[in-house]
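S.K.: Here the sequence shown is numbered in my numbering, starting from 11 and rising by one per residue.
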Amino acid sequence: MRTLTFFNHAGGAAKTSLALNVGHALSLEGYRVLLVDLDPQANLSTWLGHAAVTNEQTAFHAAIDSEARLPEPQTVHGMHLIPSNLHLALSEGQMMAQEGSTLNLRFALEDLKDDYDVVLVDSPPSLGKLAVLAALAADLLIVPVPTRAKGLNGLPGVAAAMNTYRRLRPDLRVGLFVPTLYDGRNTHDREVLEALRRQIEPLAAPLTYRPATWNDSAGIGEPVLVYAPNSPAANEVRQLAREIEVSAGLEKKVHHG
Numbered sequence: 011m012r013t014l015t016f017f018n019h020a021g022g023a024a025k026t027s028l029a030l031n032v033g034h035a036l037s038l039e040g041y042r043v044l045l046v047d048l049d050p051q052a053n054l055s056t057w058l059g060h061a062a063v064t065n066e067q068t069a070f071h072a073a074i075d076s077e078a079r080l081p082e083p084q085t086v087h088g089m090h091l092i093p094s095n096l097h098l099a100l101s102e103g104q105m106m107a108q109e110g111s112t113l114n115l116r117f118a119l120e121d122l123k124d125d126y127d128v129v130l131v132d133s134p135p136s137l138g139k140l141a142v143l144a145a146l147a148a149d150l151l152i153v154p155v156p157t158r159a160k161g162l163n164g165l166p167g168v169a170a171a172m173n174t175y176r177r178l179r180p181d182l183r184v185g186l187f188v189p190t191l192y193d194g195r196n197t198h199d200r201e202v203l204e205a206l207r208r209q210i211e212p213l214a215a216p217l218t219y220r221p222a223t224w225n226d227s228a229g230i231g232e233p234v235l236v237y238a239p240n241s242p243a244a245n246e247v248r249q250l251a252r253e254i255e256v257s258a259g260l261e262k263k264v265h266h267g
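1) Determine the burial state of GLY267: buried for a count of at least 16 other Cβ atoms within 10 Å of its Cβ, exposed for fewer.
2) Hey, quick one: how far does the alpha helix (DSSP H) through VAL168 stretch, first residue to last?
3) Can you find at least 3 beta carbon pairs, one from the region 51-62 and one from the region 250-263, that sit closer than 8 Å?
4) Based on the DSSP secondary-structure assignment, which residues constitute the bridge partners of ARG12?
5) Under 8 Å Cβ to Cβ from LEU137, same chain only, skipping five residues before and after it: list those, please.
6) Could you pull the DSSP bridge partners for ASP149 from this structure?
7) By DSSP's criteria, LEU269 is part of a beta bridge. Which residues make up the other side?
8) Starting from the C-beta of ALA145, find all residues in its chain whose C-beta is less than 6 Å away, skip the five residues before and the five after it, and write them out in chain order.
9) Between HIS198 and the ligand ADP, is the CB less than 7 Å from at least one heavy atom?
10) Find out if the Cβ-Cβ distance for the pair ALA251, VAL46 is shorter than 8 Å.
11) Would LEU122 and ALA73 qualify as a contact pair, given that the criterion is a beta-carbon distance under 8 Å?
12) Between PHE70 and SER111, is the Cβ-Cβ spacing less than 8 Å?
13) Please return the same chain residues whose Cβ sits closer than 8 Å to the Cβ of GLU39, not counting the five positions on each side in sequence.
14) Output needed for HIS198: all residues of its chain with C-beta closer than 7 Å, excluding positions within five of it in sequence on either side, in chain order.
15) Relative to the alpha-carbon of ASP127, which residue among SER133, MET106 and ASP149 has its alpha-carbon at the smallest distance?
16) Assess, as a yes-or-no matter, whether the region 78-85 is touched by the region 157-167 under the definition of 3 or more beta carbon pairs within less than 8 Å.
17) Assuming VAL131 contacts ALA118 (C-beta within less than 8 Å), just tell me the rounded distance between them.
18) With a cut-off of 8 Å, do at least 3 Cβ pairs link the region 233-240 to the region 186-193?
19) Our contact map puts ALA228 next to SER94 with C-beta atoms below 8 Å; I'd like the distance itself, whole angstroms only.
20) Return the residue from the list HIS90, HIS60, PRO216 and VAL153 that minimises the CA-CA distance to LEU182.
21) Near ARG220, which residues of its chain fall below 8 Å by C-beta distance, leaving aside the five closest residues on each side in sequence?
22) Return yes when the Cβ of ALA35 is within less than 8 Å of the Cβ of ARG248, no when it is not.
23) Whose C-beta lies closer than 8 Å to the C-beta of GLU66 among residues of the same chain, with five residues either side of it excluded?
24) Short of 8 Å in beta carbon distance, which residues of its chain neighbour THR218, apart from the five on each side in sequence? Order them along the chain.
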């Protein structure tokens, strides 16, 4: 089992969209996929129709108690989901009082290592305790970077966070940077993409800004590969899923039911 956390402390980078759609693409390839929503805004859970949940259905107790197990997940579009809610934010205060609590999710996921091939964690747009919890649970970080000035400007913050996290997880690294919201007709976007290619690696192929597909599919709670399976956006999702599959060294196991 490989755990991948979609991480960027800045909002609007497309972490949630990527977690949902890459997870779905991998599930269609035969991987057993678990999505973990660690963002109290619960956008991933809302998009998948599981926003109205209790704390017992979220990762709340696993975040604050190293002995707690993760709850029974929801099933949606061939994946499993541990949803979030606004109350998950309250776990941060309790985690602050406990030394080593930011490794709790990693411990809880160990119990599920025979149940899934890949776990995708959607982290909150912050550098708070939940974001640390999400990062330290990961084998690799997947970092979406908007091809905007704010994307470039946010890279030092990502690097600083990585340096901090490596004090507890020396092996933690970025598996893939993913350029998002790209418009190849825009000179600025092309310049930012070139700057990203010079500054960071490994860098995925860019995901084109296609609001009619991405926003509309999210609005009705469907992955892009369900909503518009033959669209250019769907082809980019499939390509990104393949890049992540290779980068993370994912392996499908033979499952005997």
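From the three backbone atoms N, C-alpha and C, an ideal C-beta is built for every residue, glycine too.
M.R.: A quick look at the data gives this:
1) Interpretation of GLY267 is limited by its pLDDT of 43, a score under 50 that renders its predicted location unreliable; the figure taken from the coordinates is listed afterwards. Here GLY267 is exposed. Its C-beta has fewer than 16 other C-beta atoms within 10 Å.
2) 159-175
3) no
4) BP columns for ARG12 point to VAL128.
5) Contacts found: HIS19, GLY167 and ALA171.
6) None; ASP149 has no bridge partner.
7) Not covered by the structure: residue 269. The range shown for the chain is 11 to 267.
8) Within the same chain, ALA145 has close Cβ partners THR15, PHE17 and TYR175.
9) As presented, the structure is devoid of all ligands, the ligand ADP included, so that no description of it is given.
10) no
11) no
12) no
13) ALA251, GLU255 and LYS262
14) none
15) ASP149
16) no
17) That belief does not hold up - the Cβ atoms of VAL131 and ALA118 are roughly 12 Å apart, past 8 Å.
18) Taking 8 Å as the limit for Cβ pairs, the verdict is that the region 186-193 does not touch the region 233-240.
19) Actually they do not touch by this definition, with Cβ atoms about 16 Å apart.
20) VAL153
21) The residues are SER241, PRO242 and ALA243.
22) Against a cut-off of 8 Å, the Cβ pair of ALA35 and ARG248 comes out as a contact.
23) Answer for GLU66: PRO81, listed in chain order.
24) TYR192, ASP193, GLY194, PRO242, ALA243 and GLU246
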